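Numbering (the working numbering), first residue to last: 229 to 428.
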């Protein structure tokens, strides 16, 4: 609070607001990049047999930790921007750059995620008796996750651009929108007629 004393909190506020869609975009990207099933292998009749299970708790915690990094960086930039001129626009620009950097490899990560889940995210082999309960074929969920991450990136950029535009309009109207009204004409004095009788 002492750091913000006497400074506008608008850069920090807009950074925190932009960080909301950025976090969910980052979460989808981190899931594609880091999520992996728990794999168990053993030998049976001279062949390697493998089964896949849900990700471990440590893997899920790793995903959420990395997903929190981009919005946290943006909030820190917003905090620093409270101390510099035009800090509001710095926060908006940082939100756009970080959003683009967050998803720049999501297409590659989607391919890698598909390879790590050869049976699909439901982890049910094609020949299994439970194959009919599969909700996603291999690679299907990854396509949806990729589209979601990119859509949230676009929302993040859109919010940042809209906020910067609104602030620019407000500042323009404050500086140039106030037209001083012309001074009113002087009011003529009104007095009662002089009833003093003329001197003799």
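Quick reminder that beta carbons are idealized off the backbone N, C-alpha and C, glycines included. Keep in mind that this is a model prediction, so the values were computed, not measured.
Positions of the alpha helix (DSSP H) runs, each at least 4 residues long and wholly inside the stretch 288 to 322, are given as 297 to 309 in order along the chain. By the 16-neighbour rule on beta-carbons within 10 angstroms, residue 279 is exposed. In the DSSP assignment, the residues bridged to residue 268 are 279.
By a beta-carbon distance limit of 8 angstroms, residue 330 contacts residue 257. Their separation comes to about 6 angstroms. Between residue 377 and residue 310 a beta carbon distance of about 30 angstroms is seen, past the 8 angstroms cut, so the two are scored as non-contacting. Looking only at 373, 375, 347, the smallest Cα-Cα distance to residue 365 is reached by 347. If you look at residue 250, you'll find it in the alpha helix (DSSP H) that goes 238 to 262. The Cβ atoms of residue 379 and residue 327 do not sit closer than 8 angstroms to each other. Only residues of its own chain outside the window of five on either side were considered, and among them 310 have a CB closer than 8 angstroms to the CB of residue 237, listed in chain order.
Cβ contact annotation for residue 302 (same chain, cutoff 7 angstroms, sequence separation greater than five): 243, 246, 247, 250, 322, 323, 326, in chain order. Residue 273 sits in coil when the DSSP states are folded into three classes, being neither helix nor strand. A distance of 8 angstroms or more separates the beta carbons of residue 351 and residue 283.
Annotated three-state conformation of residue 363 is coil, per DSSP.
By the neighbour-count definition (other C-beta atoms within 10 Å, threshold 16), residue 318 is a buried residue. In this structure residue 341 touches residue 263 by the C-beta definition: roughly 6 angstroms separates them, less than 8 angstroms. Rounded to the nearest whole angstrom, the CA to CA distance from residue 268 to residue 345 is 13 angstroms. Assigned with DSSP and collapsed to three states, residue 285 falls in helix. By the beta-carbon neighbour count (other beta carbons within 10 angstroms, threshold 16), residue 400 is exposed. For residue 348, there is no enclosing alpha helix (DSSP H), as DSSP gives it neither H nor E. Secondary structure at residue 333: coil, using DSSP grouped into helix, strand and coil.
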